[in-house]
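Numbering (my numbering), first residue to last: 41 to 421.
Backbone N, C-alpha and C define an ideal beta-carbon position, used for all residues, glycine too.
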Amino acid sequence: MVDGILVPAKAALVKKIPLARSPIEDSLFWPFIANGQYNCKSGYRFLKELEAGTVENSQPDLDRQLWKSIWSLEVPNKYKNMMWRACRNSLPTKLNLTQKTIIDNSTCDRCCSHIEDALHALWGCSGLDDVWDGERWCFRTRERFADFKELCRWIMEHGNSLELFAVQVWHIWHQRNQLRLQQPCCLTKDLKHDAQARWDEIRAINPLPNQVRPEQKPKWIAPPPNTYKINYDGAVSDKENKAGVGVVIRDHNGEVIASLIQQLDQAFQLMEVVAIAACRAVEFGNELGAGCAIVEGDSEVIVKALRNKDNGLTSFAPLINDVSLFSTLFSELSYSHIRRNGNKVAHSLARLALITPDCTVWMEDVPFRTLHFVQADLVAL
Ligand SMILES: [Zn+2]
């Protein structure tokens, strides 16, 4: 639990709200600790290992290209998300669950003879021969891949349709889960047909769902290697007498390290809320061990105030002073201004905070309604 991430708010502007698990979070599993429950220590260790390059990012350029290709796929978000999770080995396959000691048998339920990792569950299992039948996938019998990510790269490099592949993969995983839960689902022999039908539907839609038009592309810029960018924003609802703050931390590949929302039980002045959000951003970054960071918001007034440090009698001056105190905990910290168009992820989080009473943190993820802004930023990199 990342409780204790509080705005230090001298003025106690922020009510102390313990971190709560949202319904969305209930399906999340922090894969770097045995019980799957996030804690600060494991988050810090993860960031350090990531910085040292010992966490799966040993091929950053290749990975960046692959993530970009995945997030650019012209299919609905759930398919992209599925592909991303499979490539990151973050699906709850039986092998992953066994390694986390949640279950003790990693054998595939479909063929009952191999260990079920992502590559096997979605591609290699003999129980899927009917699904991957046909000329398009004929390389399945001759090419060998180390993992799912390598398979995706191969498909990309050989000009095969990664989009149809993504749709089929989603249908396979969905049916696999339904079978495990003993829920109604289609027969395996019908999976190929069902996926193809869905694919035809997607293709028939124009414009494609979630497609970002070029003129709307955000201008978010990734930080340099070994630096994290922390975007923040605030929102106010006078009608509901509430305010909300949103923070997202991303690395040099544009990948989300963590995101946060917090509702405030009062409609402060917008500048005050943005200052609280900036404060939260710095504190959250420190909490997750981001030693070198760029803190970025879309209010010029607040960014100037953060840089100036002396803000006289402004209503947000005490909050800015709190940020200064936290800034000493970083090895390097700078403040950046971005136009609102490049701060859409944080803005979306702040808006969500207005309607979400619990302070919530997502590790390596953002809430579903914010996901397409993250994807748009990645595509624009
Ligand atoms: Zn199998």
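Using 10 angstroms around the beta-carbon of residue i, count the other beta-carbons present and answer buried if the total reaches 16, otherwise exposed.
{"i": "threonine 368", "result": "exposed"}
{"i": "alanine 416", "result": "buried"}
{"i": "methionine 403", "result": "buried"}
{"i": "asparagine 136", "result": "buried"}
{"i": "phenylalanine 408", "result": "exposed"}
{"i": "cysteine 422", "result": "In the structure as shown, the chain starts at 41 and stops at 421, and residue 422 therefore has no counterpart that could be examined."}
{"i": "arginine 220", "result": "exposed"}
{"i": "threonine 141", "result": "exposed"}
{"i": "cysteine 6", "result": "Here the chain covers residues 41 to 421 and nothing more, so residue 6 does not appear."}
{"i": "threonine 181", "result": "exposed"}
{"i": "glutamate 372", "result": "exposed"}
{"i": "tryptophan 107", "result": "buried"}
{"i": "arginine 290", "result": "buried"}
{"i": "glutamate 323", "result": "buried"}
{"i": "tryptophan 163", "result": "buried"}
{"i": "lysine 134", "result": "buried"}
{"i": "glutamine 218", "result": "exposed"}
{"i": "histidine 412", "result": "buried"}
{"i": "proline 263", "result": "buried"}
Where does residue i fall in DSSP's three states?
{"i": "lysine 279", "result": "coil"}
{"i": "aspartate 273", "result": "strand"}
{"i": "glutamate 372", "result": "strand"}
{"i": "serine 112", "result": "helix"}
{"i": "serine 62", "result": "Legend: pLDDT at serine 62 = 36, less than 50; position of this residue unreliable, value from coordinates given subsequently. In the structure shown, serine 62 sits in coil (DSSP, three-state: anything other than H, G, I, E or B)."}
{"i": "glutamine 251", "result": "For glutamine 251, the pLDDT reaches just 46, beneath the cut-off of 50, and the residue's location in the model is therefore unreliable, leaving the point undetermined."}
{"i": "aspartate 417", "result": "helix"}
{"i": "isoleucine 242", "result": "helix"}
{"i": "glycine 434", "result": "The structure shown has nothing for residue 434, since the chain only spans 41 to 421."}
{"i": "arginine 290", "result": "strand"}
{"i": "alanine 51", "result": "Note that alanine 51 scores a pLDDT of 30, beneath 50, so its modelled location is shaky; the value from the coordinates is reported in the next line. Coil."}
State the start and end residues of the unbroken beta strand (DSSP E) segment that holds residue i.
{"i": "glycine 337", "result": "332-337"}
{"i": "valine 296", "result": "296-304"}
I need the boundaries of the alpha helix (DSSP H) containing residue i, first residue and last residue.
{"i": "serine 153", "result": "Here serine 153 belongs to no alpha helix (DSSP H), and DSSP marks it neither H nor E."}
{"i": "arginine 218", "result": "First, the residue type needs correcting, since residue 218 is glutamine and not arginine in the sequence shown. Note, glutamine 218: alpha helix (DSSP H), 202-220."}
{"i": "valine 343", "result": "340-348"}
{"i": "alanine 357", "result": "357-367"}
{"i": "threonine 138", "result": "134-139"}
{"i": "arginine 172", "result": "Going by the sequence as given, residue 172 is tryptophan instead of arginine. It is not in any alpha helix (DSSP H) - tryptophan 172 carries neither H nor E in the DSSP assignment."}
{"i": "leucine 125", "result": "Here residue 125 is arginine; the residue named in the question, leucine, does not match the sequence. Unbroken alpha helix (DSSP H) run through arginine 125: 117-127."}
{"i": "leucine 191", "result": "188-197"}
{"i": "isoleucine 316", "result": "310-327"}
Length-filtered (3 minimum) beta strand (DSSP E) runs lying within the region 374-407
400-403
Just to be sure I understand the criterion: a residue counts if its Cβ is closer than 6 Å to at least one heavy atom of ligand 1. Which residues meet that?
Cys148, Arg150, Cys151, His154, His160, Cys165, Gly167
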